[in-house]
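Residue numbers (the working numbering): 104 to 175.
For each residue, glycine too, the CB sits at the ideal point set by N, CA and C.
Notes for the one structure printed next.
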């Protein structure tokens, strides 16, 4: 599990998708390389072409990723 329930809630409580994306990325980065790798793998599962194009995170990608990261 990359994100615990409290961290997941911290992301979800942000009103703007941009703020959710920023919070999610900050949380993952603080957890180190293994969490970052899991995050990248979740991106690749959700949108391989997007992930292949330099991982330019778009806010619309955040919500499904939160669930993916919570389940690892």
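- Query: Which class does residue 127 belong to by DSSP, given the choice of helix, strand or coil?
  - Reply: Residue mapping note: residue 127 aligns to position 24 of the chain shown, counting from 1. In the structure shown, residue 127 adopts helical secondary structure according to DSSP, grouped into three states.
- Query: Going by other Cβ atoms of all chains shown within 10 Å of its Cβ, with 16 needed for buried, is residue 140 buried or exposed?
  - Reply: Counting from one through the chain shown, the residue named residue 140 turns up at place 37. Residue 140 counts as exposed, since fewer than 16 other beta carbons sit within 10 angstroms of its beta carbon.
- Message: Using only the alpha-carbon positions, how far apart do residue 147 and residue 153 sit?
- Response: Along the chain shown, one-based indexing puts residue 147 at 44. Along the chain shown, one-based indexing puts residue 153 at 50. Rounded to the nearest angstrom, the two C-alpha atoms are 8 Å apart.
- Relative to the C-alpha of residue 108, which residue among 137, 143, 127 is closest? If you number the chain shown from 1, residue 108 lands on position 5. Minimum Cα distance to residue 108 is reached at 127.
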